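Chemist: What follows is a single structure, and I will ask about it in a moment.
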């Protein structure tokens with residue numbers, strides 16, 4: 366993605382009124398509809414790429430809601446538990462997809478000496494767990510509670526225009542910059558995490574920054590923001606690779622039950 370080139374009219378408005386607030390209603394509706402579309406496609410074929418796209422769309426939704434929360438009405442509480450169950454299942458399943466289709470095959474090629482009976486046992490356990498989670502997620506997505514939760518979220522987003530604008534455009538730029546700087550301070554605090562939980566939290570903060578920046582760049586706001594977005598993507602990619610290795614180690618420890626294999630993976634990390 367690249368920033369849209371601002372028109373002369375946009376530049377004039379920016380000088381007189383500051384940044385233009387993104388069309389949050391459209392952004393949130395797009396991400397919500399993309400989530401539902403991709404989840405519906407996943408139910409039919411159980412493709413890992415489709416599940417990934419659904420999670421990307423829903424993560425964008427959650428990050429935008431978090432960043433712009435002071436400007437938005439309170440989101441619906443109805444159905445939140447049902448959607449959290451779906452989100453948890455998709456996360457567990459995504460970890461297995463990445464491990465079985467990417468992380469573990471690369472390890473097998475580069476460490477053939479470590480592959481033996483324990484490796485066969487590990488892969489069998491992971492494939493059985495993936496089948497179980499696919500079944501559980503399919504059932505969860507077909508429940509009335511999940512359908513109702515998505516419908517409540519859709520109605521809430523569609524009615525967003527009825528809420529009075531809480532911040533004039535001339536005040537939006539300092540507000541957005543303050544929110545970005547606040548987010549950047551949190552990211553710096555997680556730059557060298559020791560615990561996997563803090564590492565994961567740092568990655569979530571980077572995603573929030575990424576989607577906030579994308580929403581601002583859609584308005585052609587700043588080349589400086591575009592550079593920051595590119596840096597954020599690079600950091601997120603590097604942390605994602607480390608996260609995939611950690612998730613694979615967790616799966617080896619849980620399903621492999623092989624101390625030797627766990628030690629070998631830990632040393633490689």
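Residue numbers (this note's numbering): 366 to 634. Here a beta-carbon is modelled for each residue, glycine too, at the ideal position from N, C-alpha and C. Please read all numbers here as calculations on a predicted model, not as lab measurements.
#1: Quick test of your reading: residue 571 and residue 590, contact by CB under 8 Å. State the CB separation rounded to the nearest angstrom.
#2: So, using beta-carbon positions, are residue 515 and residue 401 closer together than 8 Å?
#3: Sorted by chain position, which residues of the same chain lie with C-beta nearer than 7 Å to residue 551's C-beta, five sequence neighbours on each side aside?
#4: Just verifying my parser: in three-state terms, what is the DSSP assignment at residue 449?
#5: If you drop the 5 nearest sequence neighbours on each side, which residues of the same chain put their C-beta closer than 8 Å to that of residue 573?
#6: Under 7 Å: does the beta carbon of residue 588 sit that close to some heavy atom of the ligand MN?
#7: Whole angstroms are fine: how far does the CA of residue 448 sit from the CA of residue 462?
#8: Taking the alpha helix (DSSP H) that residue 509 falls in, what are its first and last residues?
#9: Buried or exposed: which applies to residue 387, given that a residue is buried once 16 or more other Cβ atoms fall within 10 Å of its Cβ?
#10: In its own chain, which residues sit with a C-beta less than 6 Å from the C-beta of residue 499, not counting the 5 before and 5 after it?
#11: Please check the pair residue 616 and residue 483, which I expect to be a contact at CB under 8 Å, by giving their CB distance rounded to whole angstroms.
#12: Going by other Cβ atoms of all chains shown within 10 Å of its Cβ, with 16 needed for buried, is residue 473 buried or exposed?
#13: Residue 489 lies in the alpha helix (DSSP H); which residues open and close that run?
#14: Relative to the C-alpha of residue 568, which residue among 540, 544, 582, 597 is closest?
#15: Do the stretch 436–447 and the stretch 517–527 meet, that is, are 3 or more Cβ pairs less than 8 Å apart?
Modeler: Judging by the given coordinates:
#1: About 15 Å; that fails the 8 Å criterion.
#2: yes
#3: 570
#4: helix
#5: 428, 431, 432, 548
#6: No copy of the ligand MN appears in this structure; indeed no ligand is present at all.
#7: 21 Å
#8: 509–523
#9: buried
#10: 411
#11: That belief does not hold up - the Cβ atoms of residue 616 and residue 483 are roughly 13 Å apart, past 8 Å.
#12: exposed
#13: 482–506
#14: 597
#15: yes
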